[in-house]
Amino acid sequence: MAAVRTPNQSTPEPPEGGSGSSTPPAGGPRPPALWVVIAGIGLEAVALVVGALLVLVELVSGRSSAAGVSIFLVVFALGVAAVLGASARGLLRGQRWSRSPVATWQLLQVVVAFSWLQVEVTAPGIAVLVLAVVVLVCLMLRPVVVATTRDTARTED
Numbered sequence: 006m007a008a009v010r011t012p013n014q015s016t017p018e019p020p021e022g023g024s025g026s027s028t029p030p031a032g033g034p035r036p037p038a039l040w041v042v043i044a045g046i047g048l049e050a051v052a053l054v055v056g057a058l059l060v061l062v063e064l065v066s067g068r069s070s071a072a073g074v075s076i077f078l079v080v081f082a083l084g085v086a087a088v089l090g091a092s093a094r095g096l097l098r099g100q101r102w103s104r105s106p107v108a109t110w111q112l113l114q115v116v117v118a119f120s121w122l123q124v125e126v127t128a129p130g131i132a133v134l135v136l137a138v139v140v141l142v143c144l145m146l147r148p149v150v151v152a153t154t155r156d157t158a159r160t161e162d
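This is the structure:
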């Protein structure tokens with residue numbers, strides 16, 4: 006009996022014609038939208054590290070009124086920054102697992118931004134919302150999905 010091949014729902018099919026592929030060969034240039042995603046999550050990771058350092062300085066100088074909360078914020082911010090950094094590396098390597106933590110973080114950022122903007126419309130609140138939406142949209146674009154679907158394509162980077 007012949008095996009029936011069914012398409013994998015999570016793996017996009019390459020476009021017809023082969024030569025017009027939107028995904029470069031392994032080691033080739035990556036889609037511009039992928040660089041936008043990496044720059045966005047890099048900016049978020051840096052902001053998280055800076056925020057953690059500010060809270061740590063406040064804690065060490067004795068200006069924190071809730072030491073437990075400050076310690077949690079430092080650990081949480083540094084943990085999320087580490088996950089975003091690992092995800093950026095995974096995206097550069099074309100690994101599909103790296104899209105999930107980035108998408109989850111962007112959705113949380115959208116929720117936080119909406120809550121923030123309901124209290125007061127500020128430039129930082131708008132910036133958080135715009136950055137999260139841009140990163141999330143670019144993350145879901147077909148060239149980025151295709152470039153990050155082949156787990157073994159860029160393992161040598």
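In our numbering, the protein residues as written are 6 to 162.
Glycine included, each C-beta is placed from N, C-alpha and C at the ideal position.
Element boundaries [alpha helix (DSSP H), containing residue i]
i   : result
G56 : 37 to 65
Cβ-Cβ distance between residue i and residue j below 7 Å
i    : j    : result
A50  : L89  : yes
A118 : V133 : yes
S75  : V60  : yes
Cβ neighbours of residue i in the same chain (closer than 6 Å, five flanking residues each side left out)
i    : result
S103 : S92, G95, L96
V42  : V140, C143, L144
V165 : Look at the range of the chain in this structure, 6 to 162, and you will see that residue 165 is not part of it.
G45  : L136, V140
W121 : G130
Close Cβ partners of residue i (< 7 Å) along its chain, the five nearest in sequence each way excluded
i    : result
G56  : A82
V149 : P36, A38, L39, V42, C143
G47  : A93
Q114 : V133, A137
Backbone secondary structure at residue i - three-state DSSP
i    : result
A152 : helix
A71  : coil
V126 : coil
P106 : helix
R3   : Because the chain is modelled from 6 through 162, residue 3 falls outside the range shown and cannot be assessed.
L134 : helix
L144 : helix
Taking contact to mean 3 or more Cβ pairs, one atom from each stretch, closer than 8 Å, check whether the region 91 to 102 and the region 139 to 155 are in contact. yes
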